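Down below is the structure, laid out as structure tokens.
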């Protein structure tokens, strides 16, 4: 019969006594329903340890071949204090520094960090499935840049710090991490001019819906994003209250905050130095899983599109008329002025005539809305009269 679950040690002891009384190994295996190998095992255990040898023993090996030595553990802890990275990035960095050392698995490094109190547990939160608009794919360097003003904070002397961050969506290369004294159009534009002059122009720029990147004007355009469009850059914006649409940039912000603002530096000058140090480490030393553990610096190259000395004027197709918006933000059509937005002052809009009543207004490739030539009113939403006409044609 096989071993019983209750008092199994006594079953083994009975087997030992039967063997001492002369039963063969084959007979014991048949009577107790176990293999000959198992009979030999318990006989040897009894000879070595007596009755204690018949009790269930831990399967933990006496010596683990993967046990971390004090030297390796110390190197892991030192690397954590130096860079503050997670176990995956630390293993890559340690291997790059000395490939002769048998560095343990990521899970073992994580256990070392946790055992030494170097892990802060995050609160588990329910995840909502993400549904993204059809943004352009960041399939190469400078295809899409991600931009944002990281949340402001104060230095030790009380001065407010507003870091403007610009990163490449493909390589994660951090192009700028710079404090800007005022987050309005002029100073923000100056940072982008310097960035464009150094790295060239991207295909698209992705931002949130805050100022100075967006506004409540038609098309969500601001003075800054109007400038982007005139430079031939596609403007993308996250959905309202959806930071996950710019997720990789937001994750970088968390790393930036942990490395440079906990706690903040004493002065703005020292804080900017901390930003520069973080930027160098993030680009040149920190490996990234999405890049096959390469650094952003090794995956980035400047754009072939150079920043022009003069911003070109927008061009429209032959099927469009054009009008220049007045300083007050109005457009003149059929002798009557209609207010559009002051943000387009002195800019040229494209006008696509639908019929004798309706026209569509464009700024470059962006449709701003519809103008009613009869009532001289502007609407950002498609007028119901036009929708009704389209439905009647389909029916």
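Numbering (the working numbering), first residue to last: 1 to 395.
Just so it is clear, CB atoms sit at the ideal spot from N, CA and C, and this is done for glycine as well.
Just so you know, these numbers come straight off a predicted model, no measurement behind them.
The beta carbon of residue 196 lies closer than 6 Å to those of 307 in the same chain, with the five residues before and after it left out. In the structure shown, the three-state DSSP call for residue 25 is helix. Scanning the segment 308 to 377 for uninterrupted beta strand (DSSP E) segments of 3 residues or longer gives 321 to 324, 330 to 333, 336 to 339, 348 to 353, 358 to 363, 366 to 372, listed from N- to C-terminal end. Ranking 214, 258, 72, 35 by CA distance to the CA of residue 240 puts 214 first.
Taking every protein chain shown into account, the CB of residue 188 has 16 or more other CB atoms within 10 angstroms, so this residue is buried. The Cβ neighbour count for residue 137, taken over all protein chains shown within 10 Å, is under 16; the residue is labelled exposed. If you draw a straight line from the Cα of residue 107 to the Cα of residue 18, it is about 48 Å long. Contact between the segment 210 to 225 and the segment 334 to 344 is established, with three or more Cβ pairs separated by less than 8 Å. Shown here, residue 204 sits in a strand according to DSSP, grouped into three states. Contact check for residue 205 against residue 152 fails: the beta carbons are separated by 8 Å or more. By the Cβ neighbour-count rule, residue 271 is buried, with 16 or more other Cβ atoms within 10 Å of its own.
Contact between the segment 357 to 375 and the segment 247 to 256 is absent: fewer than 3 CB-CB pairs across the two stretches fall below 8 Å.
Residue 168 sits buried, since 16 or more C-beta atoms from the chains shown fall within 10 Å of its C-beta. Cβ neighbours of residue 287 within its own chain (closer than 7 Å, five residues either side excluded): 89, 92, 93, 293, 294, 295. Inter-residue distance for residue 297 and residue 71 is about 31 Å (C-alpha atoms, whole angstroms).
For the pair of segments examined, the segment 262 to 279 was found to touch the segment 166 to 183: the number of CB pairs separated by less than 8 Å reaches three. In chain order, 175, 302, 303 place their CB closer than 7 Å to the CB of residue 199, counting only its own chain and leaving out the 5 sequence neighbours on each side. In the DSSP annotation of this structure, the continuous segment of the beta strand (DSSP E) that includes residue 167 starts and ends at 163 to 168. Three or more beta-carbon pairs separated by less than 8 Å link the segment 9 to 24 to the segment 41 to 50, which places the two stretches in contact. For residue 226, same chain residues with a beta-carbon under 8 Å away, outside a window of 5 residues either side, are 343, 344, 347, 363 in chain order. Bounds of the alpha helix (DSSP H) holding residue 91 are 87 to 97.
Apart from the 5 residues on each side of it in sequence, residue 259 sits with its Cβ closer than 7 Å to the Cβ of 84, 278 in its chain, given in chain order.
Contact between the segment 373 to 385 and the segment 228 to 243 is absent: fewer than three C-beta pairs spanning the two stretches fall below 8 Å. By the Cβ-count criterion, residue 350 is buried, with 16 or more other Cβ atoms from all chains shown falling within 10 Å of its own Cβ. Judged by DSSP in its simplified three-state form, residue 294 adopts strand. Residue 207 and residue 75 have their alpha carbons spaced roughly 40 Å apart. In the DSSP annotation of this structure, residue 284 is not part of any beta strand (DSSP E); the continuous alpha helix (DSSP H) holding it starts and ends at 268 to 284. A direct Cα-Cα distance of roughly 27 Å separates residue 97 from residue 141. Check the Cα spacing between residue 361 and each of 321, 369, 135: the tightest is with 369. Counting C-beta atoms within 10 angstroms of its own C-beta, residue 171 has 16 or more neighbours from the protein chains shown and is therefore classed as buried. Counting only the Cα atoms, residue 336 lies some 16 Å from residue 353.
Taking the Cα positions, residue 257 is about 43 Å away from residue 325. Residue 179: member of the beta strand (DSSP E) spanning 174 to 179, first to last residue. For residue 47, the enclosing alpha helix (DSSP H) starts and ends at 36 to 49. Per DSSP, reduced to three states, the secondary structure at residue 228 is helical. Restricting attention to 253, 25, 265, the CA atom closest to the CA of residue 282 is found in 253.
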